[in-house]
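S.K.: Here the protein sequences line up with chains A and B, keeping their order. Counting with the working numbering, you get residues 2 to 146 for the letters of the first sequence. Counting with the working numbering, you get residues 5 to 171 for the letters of the second sequence. Sharing a structure, written as structure tokens. Questions coming.
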Amino acid sequence: MPKKILSVDDSRTIRLIVGRALRPYDCVLCEASNGEEGLAVAAREKPDLILLDVTMPVMDGVTMLTKLKEDAELKAIPVIMLTAESGRDNVINIARLGVRDYLVKPFKEDQLLEKIGRSVPLQKKEAAPAAASAPGPVAAAAPTA
Amino acid sequence: MSLQTLPSLDIRHFLNGHVVDVFETMLSKKATPAQDGTSPEFAERITGSVGLGGDTVTGAVYLHLSAEFANQIAATMLGLLPEETLPDNDVNDVVGECTNMLAGGLKSVLCDKSFECAVSTPAIIRGASFNIESMPDVRHEIMVYECGGNRFTVEVHIKFISNAQPL
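Right, here's the structure in full:
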């Protein structure tokens, strides 16, 4: 069963980078652009992992995380914080909130995948069926893209 | 760190390294501090701004790019061809995110020196001709960079509040 990953970030760019990094893997990406939306999507989708930005409008990542940890149904979902702030105190504060891990922006896609892979097993999508020029009936298998 | 030793906080040195890191990591582009430091003239400018605020320090970080270079880096970051023309919203988002990374790095340095502060969400200013002017007692740094034949600037305004002590 594909893993469900929720990306909560007010930057569409970051959500797109996350989606691009995860494209080769068998997982479903859900998105939210602030903490309030993130909580709603988390409650609805019950993701296997949440990637959570810190500074966002409406509700920031720290508030969302605090509320998530207060919710009996959601508190066990592992959270990786994505933050542009690498300072010692910031890292300590984030760790105290009960996050699984954190990743400092700027980051490369392979760093992101490594962090995600530590929390949820990522499996590559199966290779697409052979090219349509091959003889025989058209494969009934659904495309993996 | 005491207020008397604040000049030793080398914002310019820190940001020179951080700008290079952000451009290299997110855009696979090599940015270098411009030798002559002459600020570029932009026919159309896109500026990202992120504020810093706390009990002992306030300020802002600005990233000034030509519209053409901003489009180029946005396309690169979004995995498109650099010459592809993007909607303003996409360019704004990328410029805002890059500015956020620069400000977040500066915030980390300040917090590690006990000047606790928070960063704002980014805002974008677009225009042909405008200046960001600093208020009295505000430390003001402008750094010019080159990247693949383009010039851009990073501007920092920072004020350490004189009657407050670092946390």
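Each residue gets a CB set at the ideal place from its N, CA and C atoms; glycine is no exception. Quick caveat: nothing in here was measured; it's all calculated off a predicted structure.
(1) So, I128/B versus G52/B, is the Cβ gap smaller than 7 Å?
(2) Please go through the same chain and pick out, in chain order, the residues whose beta-carbon is closer than 8 Å to the beta-carbon of T67/A, but skip the five residues on each side of it.
(3) Just curious, the beta strand (DSSP E) that D102/A is in, first and last residue?
(4) Give the DSSP bridge partners of C121/B, in chain order.
(5) I want to see whether chain B comes within less than 7 Å of A85/A, judged by CB atoms only; does it?
(6) In chain B, which residues lie less than 7 Å from R21/A when you measure between Cβ atoms?
(7) Between I117/A and D27/A, what straight-line distance do the alpha-carbon atoms span, to the nearest angstrom?
(8) Could you name the residues of the same chain whose beta carbon sits closer than 6 Å to that of S133/B, not counting the 5 residues immediately before and after it, in chain order?
(9) Along the alpha helix (DSSP H) that carries V19/A, what are the first and last residues, could you check?
(10) Chain A partners of N104/B, CB-CB under 9 Å?
(11) What residues in its chain sit with their C-beta under 6 Å from that of K4/A, if we drop five residues either side in the sequence?
(12) According to DSSP, E150/B sits in a beta bridge with which residue or residues?
(13) Name the chain A residues that come within less than 7 Å of C115/B, Cβ to Cβ?
(14) Strictly under 7 Å for the Cβ-Cβ distance: is E101/B near chain A by that measure?
(15) Going straight from the alpha carbon of L7/B to that of M30/B, what length do you get?
(16) Can you tell which of I81/A, L123/A and E46/A has its C-alpha closest to the C-alpha of V105/A?
(17) Could you give the residue range of the beta strand (DSSP E) that holds A47/B?
(18) Pull up the DSSP beta-bridge partners for V80/A, would you.
(19) Given a threshold of 16 other Cβ atoms within 10 Å of its Cβ, counted over all protein chains shown, does R21/A qualify as buried or as exposed?
(20) By the 10 Å Cβ neighbour count, where 16 or more other Cβ atoms means buried, how is T42/B classified, buried or exposed?
(21) Could you run through the stretch 108-121 of chain A and flag, in chain order, every residue whose CB is less than 8 Å away from some CB of chain B?
(22) Flag A30/A as yes if its beta-carbon sits less than 7 Å from any beta-carbon of chain B, otherwise no.
(23) Can you pull the chain B neighbours of L17/A, defined as C-beta to C-beta under 7 Å?
(24) Pull up the distance between the alpha-carbon of A47/B and that of A79/B, whole angstroms please.
(25) Under the rule that 16 or more other beta-carbon atoms within 10 Å means buried, what is I93/A, buried or exposed?
M.R.: In this structure, then:
(1) In the second sequence, the residue the question calls residue 128/B occupies position 124. In the second sequence, the residue the question calls residue 52/B occupies position 48. Yes, they are a contact pair.
(2) As a working note, residue 67/A is residue 66 in the first sequence. Correct list, in chain order: L98.
(3) One-based indexing of the first sequence puts residue 102/A at position 101. Per DSSP, D102/A belongs to the beta strand (DSSP E) from D102 to V105.
(4) Locating residue 121/B in the second sequence gives position 117, where the first residue counts as 1. DSSP, once it has assigned bridges, lists no residue as partnering C121/B.
(5) As a first step, residue 85/A is located in the first sequence; it is residue number 84 there, counting from the start. By this cut-off, A85/A is an interface position.
(6) On the first sequence, position 20 is the one that residue 21/A refers to. Here the neighbours are G83.
(7) On the first sequence, position 116 is the one that residue 117/A refers to. On the first sequence, position 26 is the one that residue 27/A refers to. Cα to Cα, I117/A sits roughly 13 Å from D27/A.
(8) Indexing the second sequence from 1 puts residue 133/B at position 129. Cβ within range, chain order: n/a, list empty.
(9) Indexing the first sequence from 1 puts residue 19/A at position 18. First-last of the alpha helix (DSSP H) with V19/A: R13 to L23.
(10) The residue labelled residue 104/B in the question sits at position 100 within the second sequence. In chain order: S12, T56, A85 and K106.
(11) The sequence position of residue 4/A within the first sequence is 3, counting from 1. Cβ neighbours of K4/A within its own chain (closer than 6 Å, five residues either side excluded): C28, D49 and V121.
(12) As a first step, residue 150/B must be located in the second sequence, where it is residue number 146. E150/B is bridged to T36/B and R155/B.
(13) Position 111 of the second sequence holds residue 115/B. G88, D90 and N91, listed in chain order.
(14) The sequence position of residue 101/B within the second sequence is 97, counting from 1. Yes, contact with chain A.
(15) Here residue 7/B refers to the residue found at position 3 when the second sequence is read from its first residue. Here residue 30/B refers to the residue found at position 26 when the second sequence is read from its first residue. Low confidence applies to L7/B: its pLDDT is 44, below 50, so where it sits in the model is not reliable, and the reading given next is rough at best. Approximately 35 Å, taken between the alpha carbons.
(16) Position 104 of the first sequence, counted from the start, is the residue given in the question as residue 105/A. Check the Cα spacing between V105/A and each of I81/A, L123/A and E46/A: the tightest is with I81/A.
(17) Here residue 47/B is taken as the residue at index 43 of the second sequence, counted from 1. Run containing A47/B: none; DSSP gives neither H nor E here.
(18) Within the first sequence, residue 80/A is the residue found at index 79, counting from 1. BP columns for V80/A point to I51/A.
(19) For the purposes of this step, residue 21/A is taken as the residue at position 20 of the first sequence. Its Cβ having fewer than 16 others within 10 Å, R21/A is exposed.
(20) As a first step, residue 42/B must be located in the second sequence, where it is residue number 38. By the 10 Å Cβ count, T42/B comes out exposed.
(21) F108 and K109
(22) Position 29 of the first sequence, counted from the start, is the residue given in the question as residue 30/A. The sequence given here has Leu at residue 30/A, not Ala. Taking 7 Å as the CB threshold, L30/A stays off the interface with chain B.
(23) On the first sequence, residue 17/A is found 16 positions in, with the first residue counted as 1. Chain B residues near L17/A: L82.
(24) Translated into the one-based positions of the second sequence, residue 47/B becomes position 43. Translated into the one-based positions of the second sequence, residue 79/B becomes position 75. Whole-angstrom Cα-Cα distance: 20 Å.
(25) Taking the first sequence and counting its residues from 1, the one referred to as residue 93/A is at position 92. Around the CB of I93/A, fewer than 16 other CB atoms lie within 10 Å, so the residue is classed as exposed.
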